[in-house]
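Following: one structure in structure tokens, then a few remarks.
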Amino acid sequence: MLDQWVFIAFLLPVGLLLPAAAIALGFLLGPRKPNALKGDTYECGIETVGSTWVQFKAQYYVYALVFVVFDVEAVFLFPWAAAYNQLQLYMVLEGILFVAILAAGLIYVWRKGSLEWV
Amino acid sequence: MIADPFAWAYDQLTALLLSLGMTAVWAQTVLRLLGAAVLATVLLVSTFFLIWGERKLLARLQDRRGPNRVGPWGVFQTVADFVKLIGKEIIVPTRADKAVYLLAPLLVVLSVIGIWAVVPLAPGVVGTDLEVGVLYLVAIGAVGTLGIMLAGWSSNNKYALIGAFRSVAQLVSYEVPMVLVLLVPVILASSMSLVGIVDAQAGMWFIVMAPVAALVYLITSIAENGRAPFDLLEGESEIVAGFNIEYSALAFGMFFVAEFLHSLTIGAVVTTLFLGGWRGPGAEAYPLLGFIYFLLKTLSVWLVIVWIRGTLPRIRIDQMLGFNWKFLTPIALGILMMTALVDKMAVAAGWNRTVVLLLANAAAVGIILASVQGYARRQRRRDQAQLAPVEAAPAAVH
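Take a look at the structure:
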């Protein structure tokens, strides 16, 4: 069972190391002449005003909530789908009922106007 | 050996390692490490030609010649670009969050390479046959978006930050329909393993049984990749270069590599999930032939993705959110429920699954088109009502 993950345990570090090596190569071979102007924030030629690290717009909040609901729902649905060929018709209907409740939730959010970008 | 070079190479290498006095378990582990290194390297090197191919295709679509100076047909243009990028300075802005700033491009590449771990390349040739392969696809794919968010946030630049905000909005909108339509091949194959899904397509490719799901998956994958028409996180005309504005030299190059490699990766995943993977006539007997089929199918999906990029204009952020939440998500929910129900009833009644599902999909397309048409008609009427001159308006009291 854990055996399946060995390849991923190898591939992910390699996938991290190769681009890291490329960037390290850039640091080694490229010129390095930092100065205050070059290191400054590049926006539109004028010095940047105010802090950049501001809070996210509250508009995202509703989207993010709906997103979390649907994403968690999907995690529940995957085992149901993976066992599909062993399911009886009523079990399939139960799964569909579950999806339908969420669809009703989507309609509710839509009707409330929360899916409008402002 | 010619028919099955993969198994041949594996056997030869195992024999070599065993003769060096390794135990079988160690030999297997070393070969896995070797396989991972070869896979990642081949993918990154193939990017040179992918970028060239995409630029050439885009040029043709736009009635230009494209790169044609370095090497025959300009094949080595990307190599020249790479050499140039090596010689450039990697500027780390003084105000940036340096560790995160340098980590972000690595994560973006990592997420694309990581996807290939579970994609079956030919019969018996797969990085790892993960039991939860489909969930792994979603998880590792989201890491790339995370990298883009980190890049935009750590740059400490307002345009980059807007790019990051947009990538968040994109993430929360495309991922829902994507995960929902991913359930459709899982239902049809009754397996979350990608090898299992390819095996289940021995009789019929899933694109015939679930064409709508395949299309929705392709669209949401393009959105995940953040390329045209969903490239608003780097919209040049609005936010300069979006999340990668502060990056230079190879640090910027890594974003580029990841984006172009991702389009091929989408091709590979769509091929695996919906186009039968490596399946084709004679593929079981000759795994090399299976690999060629896989490559051909992957490249054709890639071609479609490039074609879309060359054809469609960028959409606005409110349009993208509306498109994902009000169009793709209801479709994905409907298709999921329909597939689950129709497939079970077809099996119970002893009908032909393929025909019944294809008919059900055709009906679904009809319903979708009719409702879009109705929506467009209502919208037109509303627009006209707004434009109509107000006749002899009495003092309007609202």
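Chains A and B, in that order, are what the protein sequence lines are.
Using this note's numbering, count along the first sequence one by one with no gaps and you end on 118.
Using this note's numbering, count along the second sequence one by one with no gaps and you end on 398.
Where is the CB? At the ideal position from N, CA and C, for every residue including glycine.
Just so we're clear, the structure is a prediction, and the values are computed from it rather than from any experiment.
### Query
Hey, out of B:Thr47, B:Thr298 and B:Phe48, whose CA is closest to B:Leu218's CA?
It is B:Thr298.
### Query
In three-state terms, what does DSSP make of A:Ala74?
helix
### Query
Can you tell which of B:Leu250, B:Val186 and B:Met149 has its C-alpha closest to the C-alpha of B:Ala169?
B:Met149
### For B:Asp318, the first and last residue of its enclosing alpha helix (DSSP H)
Ile317 to Gly322
### Query
Within 8 Å (strictly less), CB to CB, does B:Lys84 reach chain A?
Chain A, which has no Cβ nearer than 8 Å to the Cβ of B:Lys84, makes this no.
### Query
To which residues does DSSP link B:Val125 through a beta bridge?
B:Ala122
#### Entry: Neighbour flag for B:Ser190 against chain A, beta carbons, 8 Å
yes
### Task
With 8 Å as the threshold, decide whether the Cβ of A:Gln4 is near any Cβ in chain B.
It does: the Cβ of A:Gln4 has a partner Cβ on chain B nearer than 8 Å.
### Query
Does DSSP put B:Gln12 in a helix, in a strand, or in coil?
helix
### Query
By DSSP, does B:Asp231 sit in helix, in strand, or in coil?
coil
#### Entry: Residue of B:Met254, B:Leu180 and B:Ile197 minimising C-alpha distance to A:Val119
Any property of residue 119 of chain A remains undetermined from this structure, which presents chain A solely from 1 to 118.
### Query
So, does the CB of B:Glu131 fall closer than 8 Å to a CB anywhere in chain A?
yes
### Query
Are B:Glu238 and A:Tyr42 touching if we call contact CB-CB under 8 Å?
no
### Query
Of all the options B:Arg95, B:Ala59, B:Pro177 and B:Gly127, which has the alpha carbon lying nearest to the alpha carbon of B:Gly35?
B:Gly127
### Query
Hey, how far is the Cα of B:Thr14 from the Cα of B:Val198?
27 Å
### Message
If I follow the unbroken alpha helix (DSSP H) through A:Tyr108, where does it start and stop?
### Response
Leu89 to Lys112
### Task
Find the nearest neighbour of B:Tyr159 within the set B:Ala346, B:Trp52, B:Leu57 and B:Gly242, judged by alpha-carbon distance.
Nearest of B:Ala346, B:Trp52, B:Leu57 and B:Gly242 to B:Tyr159, Cα basis: B:Gly242.
### Message
Is B:Asp318 close to chain A? Criterion is C-beta to C-beta, closer than 8 Å.
### Response
Yes - at least one Cβ of chain A is within 8 Å of the one on B:Asp318.
### Message
Can you check which of these residues, B:Gly322, B:Ala348 and B:Leu359, is closest to A:Leu115 by C-alpha distance?
### Response
B:Gly322
### Task
Assign B:Lys56 to buried or exposed, taking buried as 16 or more other Cβ atoms, counted over all protein chains shown, within 10 Å of its Cβ.
buried
### Query
Going by Cα to Cα distance, which pick from B:Leu171, B:Gly366, B:Val25 and B:Val42 is closest to B:Leu261?
B:Val42
### B:Ile91 vs A:Gly39 beta-carbon contact at 8 Å
yes
### Message
What would DSSP say about B:Thr47, mapped onto helix, strand or coil?
### Response
helix
### C-alpha distance - B:Gly290 paired with B:Val342, whole-angstrom precision
32 Å
#### Entry: Residue span of the alpha helix (DSSP H) that contains A:Ile46, given as start and end
Taken as a continuous stretch (DSSP letters only), A:Ile46 belongs to no alpha helix (DSSP H), as it is neither H nor E.
### Task
With a threshold of 16 other CB atoms inside 10 Å of the CB of A:Ile101, please say whether the residue is buried or exposed.
exposed
### Task
Report yes if the CB atom of B:Ala142 is closer than 8 Å to the CB atom of B:Asn244, and no otherwise.
no
### Query
To which residues of the same chain is B:Lys98 closer than 6 Å at the C-beta, ignoring the five residues directly before and after it?
Excluding positions up to five away in sequence, the list reads Val92.
### Task
Please determine if the segment 352-360 of chain B and the segment 368-387 of chain B are in contact, where contact requires at least 3 C-beta pairs separated by less than 8 Å.
Short answer: they don't touch.
### Task
Please state whether DSSP places B:Met22 in a helix, a strand or coil.
coil
#### Entry: Selected residue, minimal CA-CA separation from B:Leu107, among B:Ile140, B:Pro123 and B:Arg279
Sorting B:Ile140, B:Pro123 and B:Arg279 by C-alpha distance to the C-alpha of B:Leu107 places B:Ile140 at the top.
### Query
If you draw a straight line from the alpha carbon of B:Gly71 to that of B:Gln77, how long is it in whole angstroms?
7 Å
### Query
What did DSSP end up calling B:Asp4 once you bin it into helix, strand or coil?
coil
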